[in-house]
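Single-structure report; data block below.
Number of protein chains: 2
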Amino acid sequence: MLLPLQGSEVFTARRRRLAARMGPVPAALFAGDLSPRNYAANIYPYRSHSHFLYLTGVHWPGAVLLGEGDEWEIFATPPAPDDALWIGPSPSWEQLAAAIGVQAIRPLGDLQDAVMASGGTAAVATLPAVQPRSRACQAALLGRPWGLHDDGHHGAPVLEGPDAELAEAMIALRLVHDQAALELLRSSVEIARVGHLAGMAATTPGARESVVRAAIEREFTARGCAPAYGSIVSVHGEVLHNEHSHHTMAAGDLLLVDAGADFHGWASDITRTWPVSGQFSPTQRALYDIVLQANLDAIERVRPGARYRDIHLTACRTLCQGLVDVGILRGEVDSLVERGAHALFFPHGVGHLLGLDVHDMEDLGDRAGYAPGRTRSRQFGLGYLRLDRDLEAGMVVTIEPGLYLVPAILNDPALTGPFDRDGTLDRERLAAFADVRGIRIEDDVRCTEDAPEVLSAAIPKTADAVAKLVGTA
Amino acid sequence: MLLPLQGSEVFTARRRRLAARMGPVPAALFAGDLSPRNYAANIYPYRSHSHFLYLTGVHWPGAVLLGEGDEWEIFATPPAPDDALWIGPSPSWEQLAAAIGVQAIRPLGDLQDAVMASGGTAAVATLPAVQPRSRACQAALLGRPWGLHDDGHHGAPVLEGPDAELAEAMIALRLVHDQAALELLRSSVEIARVGHLAGMAATTPGARESVVRAAIEREFTARGCAPAYGSIVSVHGEVLHNEHSHHTMAAGDLLLVDAGADFHGWASDITRTWPVSGQFSPTQRALYDIVLQANLDAIERVRPGARYRDIHLTACRTLCQGLVDVGILRGEVDSLVERGAHALFFPHGVGHLLGLDVHDMEDLGDRAGYAPGRTRSRQFGLGYLRLDRDLEAGMVVTIEPGLYLVPAILNDPALTGPFDRDGTLDRERLAAFADVRGIRIEDDVRCTEDAPEVLSAAIPKTADAVAKLVGTA
Chain R
1 MLLPLQGSEV FTARRRRLAA RMGPVPAALF AGDLSPRNYA ANIYPYRSHS
51 HFLYLTGVHW PGAVLLGEGD EWEIFATPPA PDDALWIGPS PSWEQLAAAI
101 GVQAIRPLGD LQDAVMASGG TAAVATLPAV QPRSRACQAA LLGRPWGLHD
151 DGHHGAPVLE GPDAELAEAM IALRLVHDQA ALELLRSSVE IARVGHLAGM
201 AATTPGARES VVRAAIEREF TARGCAPAYG SIVSVHGEVL HNEHSHHTMA
251 AGDLLLVDAG ADFHGWASDI TRTWPVSGQF SPTQRALYDI VLQANLDAIE
301 RVRPGARYRD IHLTACRTLC QGLVDVGILR GEVDSLVERG AHALFFPHGV
351 GHLLGLDVHD MEDLGDRAGY APGRTRSRQF GLGYLRLDRD LEAGMVVTIE
401 PGLYLVPAIL NDPALTGPFD RDGTLDRERL AAFADVRGIR IEDDVRCTED
451 APEVLSAAIP KTADAVAKLV GTA
Chain A
474 MLLPLQGSEV FTARRRRLAA RMGPVPAALF AGDLSPRNYA ANIYPYRSHS
524 HFLYLTGVHW PGAVLLGEGD EWEIFATPPA PDDALWIGPS PSWEQLAAAI
574 GVQAIRPLGD LQDAVMASGG TAAVATLPAV QPRSRACQAA LLGRPWGLHD
624 DGHHGAPVLE GPDAELAEAM IALRLVHDQA ALELLRSSVE IARVGHLAGM
674 AATTPGARES VVRAAIEREF TARGCAPAYG SIVSVHGEVL HNEHSHHTMA
724 AGDLLLVDAG ADFHGWASDI TRTWPVSGQF SPTQRALYDI VLQANLDAIE
774 RVRPGARYRD IHLTACRTLC QGLVDVGILR GEVDSLVERG AHALFFPHGV
824 GHLLGLDVHD MEDLGDRAGY APGRTRSRQF GLGYLRLDRD LEAGMVVTIE
874 PGLYLVPAIL NDPALTGPFD RDGTLDRERL AAFADVRGIR IEDDVRCTED
924 APEVLSAAIP KTADAVAKLV GTA
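As they're listed, the protein sequences go chains R and A.
Just so you know, this note's numbering puts 254 at position 254 of the first sequence, and the rest follows in order with no gaps.
Just so you know, this note's numbering puts 672 at position 199 of the second sequence, and the rest follows in order with no gaps.
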């Protein structure tokens with residue numbers, strides 16, 4: 001157990017703001033349990049559930065935060081007698097209570113009584129833990145028969161009554177990052193910067209993709225960070241969630257790297273794409289510059305009141321315009337976007353919320369990403385958009401347009417048929433771009449009252465700047 | 474999904490040997506599900522449960538192997554329509570069935586009927602999955618009311634009837650490594666070697682421990698491996714399961730590094746201890762050489778028929794002799810060991826089984842580590858010994874003696890009282906060794922009909938050899 005990196009006032013203020021939104025409703029936040037890898041004692045690196053972490057700053061397996069107003073307590077498993085031998089000295093519960101700013105830390109066995117004293121299980125608001133075992137214990141303790149959404153919430157639990165209120169209150173808080181959050185997000189992005197530069201430097205034809213991944217993650221590990229998500233390091237950028245890095249990099253390949261750090265729980269999420277040889281081919285360069293323009297155009301629109309879906313559509317228009325300019329698509333841009341022609345080459349959304357989670361608060365399904373009354377489109381491409389809110393100052397979002405030549409799309413008549421039949425898609429011209437498989441350029445952007453702040457601005461992204469850094473290790 | 478690294482004959486032979494031991498009893502092995510990190514889609518790196526992996530060679534979330542004799546099938550979730558878009562092309566089920574050597578691969582929805590056709594839920598033997606959710610599904614499907622041991626099996630499930638038979642059959646197989654297993658274990662150790670050398674080279678006073686950890690794990694990642702367990706990289710080697718690497722290394726510190734790779738599921742487990750400055754102090758050198766002698770003496774006894782507990786006690790004797798020689802303990806070695814005096818400085822066991830799991834088959838509690846009729850000692854120190862079998866040719870074990878100055882032990886009158894009172898422990902002399910906090914030297918050793926084979930022999934371990942490698946990066 002380590003003390004929180006930041007002062008108790010950070011967590012006290014967050015709990016106070018939560019309580020102000022909740023009124024006289026007690027809330028219980030569960031940190032979640034250890035996850036076994038191949039047997040109980042060989043665990044994955046532990047991370048508290050983000051809601052608990054937001055309000056306490058500590059990674060504490062099995063702990064539960066319970067309280068309302070200014071009165072909060074943590075319930076936790078008391079240290080075992082031989083803990084000092086196996087895991088060394090830990091801060092005392094008194095030290096932890098002071099560092100987190102809670103009234104007391106009590107044995108987990110007291111939790112049930114404390115819940116009853118707070119008005120009973122039905123009166124206490126909670127958010128489901130993410131680990132199945134923790135969730136089951138929590139559901140049993142609090143008498144919650146959580147069902148799962150079968151709609152656009154992607155398997156998220158159905159929340160009702162005080163749980164739904166708590167979800168809305170947490171979302172309202174976590175959507176707009178306070179100074180303490182921003183400080184850690186900036187550090188996380190800075191570590192990602194160092195990683196990406198190391199990855200560019202380590203790229204060399206004939207090596208395996210995993211060599212670049214190793215160079216990047218080394219910088220994370222050296223700074224005490226885990227990757228915030230499975231790093232994507234692949235010459236097959238057209239495989240959108242490519243988890244493999246075992247291919248050999250060839251001189252003519254583009255390498256797509258989507259990697260970010262988890263710094264004390266806060267995520268960065270950065271993508272850059274660079275030529276393995278340090279030199280773009282003319283076709284690679286042409287599409288790269290289109291993606292870059294889409295990235296810049298979308299970022300420019302990140303401002304309070306902007307609807308995120310419109311920012312997505314801005315990127316789609318720039319991409320379509322570029323594809324028309326190079327002759328891959330034919331037609332009028334607005335009409336191409338309306339028909340979803342861009343999605344043949346840009347099937348995903350332009351970004352998502354960023355915070356403690358790389359897709360922030362996705363444990364609540366689309367409740368955080370979609371404003372009340374908005375739901376996912378059924379159109380191919382737009383349906384993958386994870387965020388459709390009107391932006392507010394203080395939100396941090398990713399902006400990550402891309403262009404991909406995905407066989408599973410381009411060989412699917414159900415998707416390409418309309419565009420093949422009317423000549424929108426020029427397949428002959430497209431064939432000239434076969435050395436482009438996938439390009440994405442992703443930045444982390446803070447919405448402010450003034451111009452958008454690109455947190456990842458220090459990570460080079462023009463074709464010339466990126467190419468110059470390749471292979472310099 | 475990747476095809477197995479090794480040929481189908483490897484897995485066919487293992488399933489045949491399992492079936493020969495089981496007789497006409499069908500068995501169902503569960504790969505286990507994905508484990509969420511902070512939300513459902515952000516998962517930890519997946520690894521099949523080791524029993525499933527041993528018989529199939531693939532990491533396949535949610536898959537189930539069912540069969541008997543030469544007839545085996547895998548039940549799995551059919552690919553989703555948009556898998557090709559998000560995770561790229563995968564081998565077909567036909568290709569997978571051929572590569573694994575099973576008769577067929579069928580949709581998971583068919584499993585219940587297949588179990589009924591195999592004689593019903595009670596007739597099918599199984600081993601509990603490790604992920605709580607998978608285990609709950611499995612228990613429901615097969616009607617298993619698994620309780621948990623509250624004895625020395627450390628929370629392992631109570632197995633009865635065909636499940637217990639299957640456990641014994643799997644243990645018999647996995648205790649003695651076949652050629653295919655040995656090949657991967659050797660590769661895993663070789664990757665650990667490269668990692669340890671990189672760690673030694675990267676060690677420099679003033680840097681954080683995590684810098685060394687990063688240098689080691691970089692070599693793992695570059696070769697497509699995860700760490701087989703949370704790497705221990707610490708100047709506080711006296712904290713036995715130290716998971717933190719945030720301390721700054723000082724010139725006078727020893728750095729203890731316990732790190733191994735997971736190579737296609739197979740674990741290495743190596744510890745070396747080196748001086749941060751590249752130079753041992755005389756007191757550090759004196760205790761280092763005692764640990765090294767204990768390591769060599771114990772390894773020499775790894776041969777068929779040797780009882781592992783005796784090998785542990787051999788190491789204890791060498792350690793006691795050394796502590797007497799340097800004046801920290803007083804008395805006659807055999808009597809010191811009998812009284813457990815060594816455990817004040819060497820509280821853990823001298824090693825454990827090694828294979829797919831770093832503590833091989835620990836998911837079955839002590840069933841694999843302890844021969845029938847043997848149970849854990851209640852003596853402090855000996856009670857932590859994870860292995861007490863008579864060795865057989867083909868087994869691989871770790872040999873990992875150490876010496877630690879653990880405040881939680883040395884300040885505990887319940888543990889030190891008897892040795893303080895009769896003058897066995899010379900605290901004044903001990904105080905001279907304050908610059909030693911923890912030393913461990915761990916090798917991976919194969920029992921053969923001839924001399925023991927030290928798989929990790931290529932990793933330097935004499936004080937001079939190790940010191941020469943420090944700080945050379």
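Glycine included, C-beta positions come from ideal geometry on N, C-alpha and C.
Everything numeric in this text was worked out from a predicted model, so none of it was measured.
Task: Nearest candidate by alpha-carbon position, reference G23/R, set A434/R, P401/R, T375/R and A169/R - done: A169/R
Task: Separation of R378/R from V331/R, as counted between CA atoms - done: A small fix is needed here, since residue 331/R is Gly in this sequence, not Val. Going from the Cα of G331/R to the Cα of R378/R covers about 23 Å.
TODO: Please go through the same chain and pick out, in chain order, the residues whose beta-carbon is closer than 7 Å to the beta-carbon of D726/A, but skip the five residues on each side of it.
DONE: V708 and V749
- [ ] Might you give, ordered along the chain, the residues of its own chain that have their beta carbon closer than 7 Å to the beta carbon of H785/A, omitting 5 neighbours on each side?
- [x] G822, V823 and L858
Task: DSSP three-state assignment for E300/R, whether helix, strand or coil - done: helix
Open item on the list: Taking the straight line between their C-alpha atoms, what separation do you get for E663/A and L323/R?
Closed with: 49 Å
TODO: Evaluate S661/A with the Cβ neighbour count: other Cβ atoms within 10 Å of its Cβ, from every protein chain shown; 16 or more gives buried, anything less gives exposed.
DONE: buried
- [ ] Would you kindly work out how many angstroms separate the C-alpha atoms of D70/R and S90/R, rounded to a whole number?
- [x] 26 Å
Open item on the list: Using a Cβ-Cβ distance cut-off of 8 Å, determine whether A557/A contacts chain R.
Closed with: yes
Open item on the list: Buried or exposed for E690/A, going by 16 or more other Cβ atoms inside 10 Å?
Closed with: buried
Task: Residue environment, L876/A, which counts as buried when at least 16 other CB atoms sit within 10 Å - done: A residue is called buried once 16 or more other Cβ atoms fall within 10 Å of its Cβ, and L876/A is buried on that count.
- [ ] Mind checking who T721/A pairs with in its DSSP beta bridge?
- [x] Looking at the DSSP assignment, T721/A forms a beta bridge with R681/A.
- [ ] Would you check if the distance between the CB atom of R301/R and the CB atom of I441/R is smaller than 8 Å?
- [x] Taking C-beta atoms as the reference points, R301/R and I441/R fail to come closer than 8 Å.
Task: Residues sharing a beta bridge with F736/A, DSSP - done: W739/A
Open item on the list: Please tell me whether L29/R and L55/R are closer than 8 Å, where the distance is taken between their beta carbons.
Closed with: yes
Open item on the list: Among the candidates P304/R, L240/R, D83/R and H51/R, whose CA atom is the shortest distance from the CA of R15/R?
Closed with: Out of P304/R, L240/R, D83/R and H51/R, H51/R has the C-alpha closest to the C-alpha of R15/R.
Open item on the list: Excluding the 5 residues flanking T204/R on each side, which residues of the same chain have their C-beta closer than 7 Å to its C-beta?
Closed with: G471
Open item on the list: Report the start-end ranges of each beta strand (DSSP E) in the stretch 52-130 of chain R that is 3 residues or longer and not cut off at the edges.
Closed with: 64-68, 71-76 and 104-107
TODO: With DSSP as the reference, label G305/R as helix, strand or coil.
DONE: Three-state result, G305/R: coil.
Task: Cβ neighbours of S754/A in the same chain (closer than 6 Å, five flanking residues each side left out) - done: Excluding positions up to five away in sequence, the list reads D908.
Task: Beta-carbon neighbours of S683/A, restricted to chain R and to distances below 8 Å - done: T221, A222, R223 and G224
Open item on the list: Let's see if you can read the secondary structure: which residues bound the alpha helix (DSSP H) around D444/R?
Closed with: Per DSSP, D444/R belongs to no alpha helix (DSSP H); it is in the beta strand (DSSP E), D443 to R446.
TODO: Measure from the C-beta of I492/R to each C-beta in chain A and report whether the shortest distance is under 8 Å.
DONE: What the structure shows of chain R is the stretch from 1 to 473, and residue 492/R is not part of that stretch, so it cannot be assessed.
TODO: Could you pull out every residue in the same chain whose Cβ sits closer than 6 Å to the Cβ of R285/R, ignoring the five residues on either side in sequence?
DONE: A463
Open item on the list: Could you check whether Y512/A and E362/R sit closer than 8 Å to each other, using their CB atoms as the reference points?
Closed with: yes
Open item on the list: On the DSSP bridge list, what partners appear for E926/A?
Closed with: R919/A
Open item on the list: Can you tell me whether V406/R is helix, strand or coil according to DSSP?
Closed with: Residue state, collapsed to three classes: coil.
Open item on the list: Please state the DSSP three-state secondary structure of V324/R.
Closed with: helix
Task: Where A214/R meets chain A, residues with beta-carbon distance less than 7 Å - done: R691, T694 and A695
Open item on the list: I believe P820/A touches I882/A by the beta-carbon criterion, under 8 Å. Please report the beta-carbon distance rounded to the nearest angstrom.
Closed with: Going by Cβ atoms, the distance from P820/A to I882/A rounds to 6 Å, so yes, they are a contact pair.
Task: Burial state of Q611/A, where buried means 16 or more other Cβ atoms lie within 10 Å - done: buried
Task: Chain-ordered chain A contacts of E362/R [CB-CB under 9 Å] - done: N511, Y512, A513, A514 and N515
Task: the stretch 394-403 of chain R / the stretch 420-429 of chain R touching (three or more Cβ pairs under 8 Å) - done: Pairwise C-beta distances place the stretch 394-403 of chain R out of contact with the stretch 420-429 of chain R, as fewer than three of them are shorter than 8 Å.
Task: Residue environment, A98/R, which counts as buried when at least 16 other CB atoms sit within 10 Å - done: Burial call: exposed.
Open item on the list: When you compare the stretch 77-94 of chain R with the stretch 41-49 of chain R, are there three or more beta-carbon pairs, one atom per stretch, that lie closer than 8 Å?
Closed with: no
Open item on the list: So, with DSSP's three-state summary, where would you put G824/A?
Closed with: coil
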